[in-house]
Amino acid sequence: MQICTCCSLTGMSGRKMNRGGVRSKEGGERCKEGDTIPNGFLYNFGGKIPKSVTLETSNGLTFDVQVNKNSDEVFLQSGWTSYARAHDLKRGDLLVFKYCGNSLFKTLIFNPNGCEKACSYLLKKNVTQECDLVPGCITPAGYRLTRSQKKIMNKKTKAINSENPIYGYVIIKSSIYGRPCTVEFSRKYADVYLPFEDETLVLQRRGKRWNVRCKITKKKSRRFLKGWMQFARDNNLCLGDICLFELLENKTKYVMKVHILRKK
Numbered sequence: 001m002q003i004c005t006c007c008s009l010t011g012m013s014g015r016k017m018n019r020g021g022v023r024s025k026e027g028g029e030r031c032k033e034g035d036t037i038p039n040g041f042l043y044n045f046g047g048k049i050p051k052s053v054t055l056e057t058s059n060g061l062t063f064d065v066q067v068n069k070n071s072d073e074v075f076l077q078s079g080w081t082s083y084a085r086a087h088d089l090k091r092g093d094l095l096v097f098k099y100c101g102n103s104l105f106k107t108l109i110f111n112p113n114g115c116e117k118a119c120s121y122l123l124k125k126n127v128t129q130e131c132d133l134v135p136g137c138i139t140p141a142g143y144r145l146t147r148s149q150k151k152i153m154n155k156k157t158k159a160i161n162s163e164n165p166i167y168g169y170v171i172i173k174s175s176i177y178g179r180p181c182t183v184e185f186s187r188k189y190a191d192v193y194l195p196f197e198d199e200t201l202v203l204q205r206r207g208k209r210w211n212v213r214c215k216i217t218k219k220k221s222r223r224f225l226k227g228w229m230q231f232a233r234d235n236n237l238c239l240g241d242i243c244l245f246e247l248l249e250n251k252t253k254y255v256m257k258v259h260i261l262r263k264k
């Protein structure tokens, strides 16, 4: 099967494609939500545009991506950012999409030298294998949750129904009494979902917002610093409370919605 000519990305702007549903695309500086799908490629679907598609990598990892239509253009939206971030897409990377039916695309990613990229999505696989004590919720390595904690976290995680994995953290002494007070995000979560060295995040809860500095550690995990103490005080966090951090899709900054499960 012949693969189409690659194209540069600001959107999926190329126009050459074949009848088998194979599409190639060259990554831009920042692969973002709102990338368009060319009309020629849509003819493979008989004019029926699904509300969401699944992108599958060569080692079986899957990402659900919403599809929206505006006038004559079709856009990849919620979920595309997670795919791009998890694979550390950069300018010059080549993405190949093959449509397999039932809204499933198999994808391959190559760097500018023509070698298939593997490390980023292996990281995501490790996240799931290491920390999936509660389906859809990632906890720090070594966590031992009680049966009761697992039950309430599982129930709340299902209710949140987040596209990105939830990060679950049980409040310990260093979280509210430490100097400084901190919350640590495991490296395997942070490398995929918080890929920076030093940023100011926004925490949201019940309509209020807190700016919290998040910085990389020597172990390459990420740690909340300035601003976290104020959040903890304002929300009366106590030992044993559980914070569920839900990473929201935002094009300009990192925003996390915080759900608090009180210790009974």
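In full-length UniProt numbering, the protein residues as written are 1 to 264.
Don't be surprised by glycine CBs; every beta carbon is placed ideally from N, CA and C.
Self-check item: Residue of N102, K90, Q66, G101 minimising C-alpha distance to N113
Solution: Minimum Cα-Cα distance from N113 among the listed residues N102, K90, Q66, G101 corresponds to K90.
Quiz item: With a Cβ-Cβ cutoff of 8 Å, do T182 and R223 count as a contact?
Solution: Yes.
Quiz item: Where does F110 fall in DSSP's three states?
Solution: In the three-state reduction of the DSSP assignment, F110 falls in the strand class, which pools E and B.
Quiz item: Given S162, which residues of its chain have a CB within under 8 Å of its CB, disregarding the five upstream and five downstream residues?
Solution: For S162, where only same-chain residues beyond five positions count, the Cβ hits under 8 Å are G136, E246, L247.
Quiz item: When we look at the beta-carbon of R85 and count the other beta-carbons within 10 Å, is it buried (16 or more) or exposed?
Solution: That one is buried.
Quiz item: Any chance the segment 171-181 sits against the segment 197-209, with 3 or more Cβ pairs inside 8 Å?
Solution: Touching, no, given that fewer than three Cβ pairs across the two stretches are closer than 8 Å.
Quiz item: Going straight from the alpha carbon of I171 to that of P140, what length do you get?
Solution: Inter-residue distance for I171 and P140 is about 12 Å (C-alpha atoms, whole angstroms).
Quiz item: Can you tell which of I176, K173, Y167 has the C-alpha that lies nearest to the C-alpha of K188?
Solution: Across the set I176, K173, Y167, the C-alpha of Y167 shows the shortest separation from the C-alpha of K188.
Quiz item: Are C100 and K106 closer than 8 Å when you measure CB to CB?
Solution: A contact, by the Cβ cut-off of 8 Å.
Quiz item: Can you pull the DSSP bridge partners for W210?
Solution: Beta-bridge pairing links W210 to L203.
Practice problem: Measure the alpha-carbon distance for K155 versus Q77 and round it to whole angstroms. | Solution: Computed Cα separation, rounded: 27 Å.
Quiz item: Taking the alpha-carbon positions, what's the T54 to F63 distance?
Solution: Each residue's CA atom was taken as its position, placing T54 and F63 some 6 Å apart.
Quiz item: What separation, rounded to the nearest whole angstrom, lies between the Cα atoms of E73 and V67?
Solution: Each residue's CA atom was taken as its position, placing E73 and V67 some 11 Å apart.
Quiz item: Which of helix, strand or coil does DSSP assign to F75?
Solution: Here F75 sits in strand by DSSP.
Quiz item: Which runs of the alpha helix (DSSP H) spanning at least 4 residues fall entirely within the UniProt domain "TF-B3" (168-264), listed in chain order?
Solution: Taken in chain order, the unbroken stretches of alpha helix (DSSP H) that lie wholly in the UniProt domain "TF-B3" (168-264) and span 4 residues or more are 173-176, 187-193, 228-234.
Practice problem: Tell me, to the nearest whole angstrom, how far the beta carbon of L261 is from that of F231; I am working on the premise that it is less than 8 Å. | Solution: Not a contact, Cβ separation roughly 16 Å.
Quiz item: Among the residues of its own chain, which have a CB less than 6 Å from the CB of I242, if the five just before and after it don't count?
Solution: Closer than 6 Å at the Cβ level, and outside the excluded window around I242, lie V170, L261.
Quiz item: In whole angstroms, what separates the C-alpha of I216 from that of K226?
Solution: Going from the Cα of I216 to the Cα of K226 covers about 13 Å.
Practice problem: Compute the Euclidean distance between the alpha carbons of S58 and L104, then round it to the nearest angstrom. | Solution: In a straight line, the C-alpha of S58 is about 13 Å away from that of L104.
Exercise. Identify, in the order they occur along the chain, each residue of the same chain with its Cβ nearer than 6 Å to the Cβ of K220, setting aside the five sequence neighbours on each side.
Key: Within the same chain, Cβ atoms closer than 6 Å to the Cβ of K220 are found at R187, the five residues on either side in sequence being excluded.
Practice problem: Please report the residue range of the alpha helix (DSSP H) in which S52 lies. | Solution: Counting along the chain, S52 falls outside any alpha helix (DSSP H), though it belongs to the beta strand (DSSP E) covering 52-56.
Self-check item: Residue of I109, T81, Y83, V255 minimising C-alpha distance to D93
Solution: Closest option to D93, Cα to Cα, is I109.
Quiz item: Of all the options V134, K98, T157, P195, which has the alpha carbon lying nearest to the alpha carbon of T81?
Solution: Closest option to T81, Cα to Cα, is P195.
Quiz prompt | Where Y83 falls, given that 16 or more other Cβ within 10 Å makes a residue buried | solution = By the neighbour-count criterion, in which 16 or more other beta carbons inside 10 Å mark a residue as buried, Y83 falls on the buried side.
Quiz prompt | Selected residue, minimal CA-CA separation from F75, among P50, N102, C238 | solution = Across the set P50, N102, C238, the C-alpha of P50 shows the shortest separation from the C-alpha of F75.
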